[in-house]
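To start, the structure itself, in structure tokens.
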Ligand SMILES: [Zn+2]
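In mature numbering (1 follows the signal peptide of the UniProt record, and there is no 0), the protein residues as written are -24 to -1, 1 to 287.
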């Protein structure tokens, strides 16, 4: 009796494995007609796929406005959206630290592409005081983001060669806009007198921005918002502010403003006049439908906010 039951269970198990195994693969094979379903982690990556893929893709970003990718954990609904996708694009370099496992797992079933990890290592920032980790915030250097656009184009063309020309054309048009954006950021940031060109933020997201646009960057926390900060960090940053006579510091849309408020207090205790210069979009874009809800709008907003507060 027990043996029969066991046999029955085994048969059922094998049958369901075959059934689900087949449907999963059939459902997520790249469709001959109709759009490719793409799921991304951050809004910035989704924005690339929309611009390059146009009408041939249907894009869902898991992380909306104000969401911190360093701390983000996939919900049950997210797992469904990842499972149903034909392709997945994400940032990589440990930005989405809590999602690495599931993304690695899915990469055995479908194209799962970490856009930042395909950029040549010599163009990336290694962080000596973070144990040799690589800074994942590549979207802050528009030239590096252009590299990510090229990766998306290549992968879409590989998955859907029939529309290769469209992907090429759309990516070239978008890259032209990004070149203009890069130029804009270069010129605007240079208009701040060099002594005042210091960008103080809650976490070290702006390293690439600082290198690309020649502005010194000071972060209270490390590159990961999960790292702790203490009184010593607050004092270190407050000292830089008073030594350099920095006029303003900035809050980030995806990080609690508590830490930056502590820095303001610390600097004021040193007799420094300081204000919060506004909110920057660091690891998430603005609300959909607004200008800041696109990558280009987000970068422009950051540049304009920094320039008007520090100049
Ligand atoms: Zn970050």
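Here a beta-carbon is modelled for each residue, glycine too, at the ideal position from N, C-alpha and C.
- Near ligand 1, meaning a beta-carbon closer than 5 Å to one of its heavy atoms, we find 181, 259.
- Ranked by Cα distance from residue 176, the first of 204, 153, 209, 163 is 209.
- Pairing residue 179 with residue 196 gives a Cβ-Cβ distance under 8 Å.
- Boundaries of the alpha helix (DSSP H) harbouring residue 19: 19 to 29, taken from the DSSP string.
- Judged by DSSP in its simplified three-state form, residue 197 adopts strand.
- Here residue 61 is buried: its Cβ has 16 or more other Cβ atoms, across all protein chains shown, within 10 Å.
- Rounded to the nearest angstrom, the gap between the Cα atoms of residue 92 and residue 247 is 42 Å.
- Taken through DSSP and simplified to helix, strand or coil, residue 35 comes out as strand.
- By the criterion of a C-beta distance shorter than 7 Å, residue 150 is surrounded in its chain by 27, 28, 125, once the five residues flanking it on both sides are discounted.
- Annotation: the continuous beta strand (DSSP E) that includes residue 179 extends over 174 to 179.
- Per the coordinates, the alpha-carbon of residue 199 lies some 42 Å from the alpha-carbon of residue 9.
- Residue 114 and residue 257 have their C-alpha atoms spaced approximately 14 Å apart.
- Residue state for residue 79 is assigned as helix, using DSSP reduced to three classes.
- For residue 222, there is no enclosing alpha helix (DSSP H), as DSSP marks it with neither H nor E.
- Between residue 66 and residue 245, the alpha-carbon positions lie close to 42 Å from each other.
- Contact between residue 224 and residue 251 holds, with the beta-carbon distance rounding to 5 Å and staying under 8 Å.
- Apart from sequence neighbours up to five positions away, the residues of its chain that approach residue 4 with a beta-carbon distance below 6 Å are 62, 86, ordered along the chain.
- In this structure, the straight-line span from the alpha carbon of residue 186 to that of residue 279 is close to 12 Å.
- When the alpha-carbon of residue 69 is set against those of 89, 237, 270, 166, the nearest one is in 89.
- By a beta-carbon distance limit of 8 Å, residue 165 contacts residue 283. Their separation comes to about 7 Å.
- CA-to-CA, the gap between residue 96 and residue 14 works out to about 25 Å.
- Under the DSSP assignment, residue 281 falls in the alpha helix (DSSP H) whose first and last residues are 271 to 286.
- The Cβ atoms of residue 143 and residue 154 do not sit closer than 8 Å to each other.
- Under DSSP, residue 66 takes part in a beta bridge, and its partners are 90.
- Nearest to residue 119 by C-alpha distance, out of 147, 157, 83, is 157.
- In the structure shown, the three-state DSSP call for residue 129 is helix.
- The three-state reading of DSSP puts residue 10 in coil, since its state is none of H, G, I, E or B.
- Using a Cβ distance threshold of 8 Å, residue 226 and residue 269 do not count as a contacting pair.
- Within a 10 Å sphere around the beta-carbon of residue 112 sit 16 or more other beta-carbons, which makes this residue buried.
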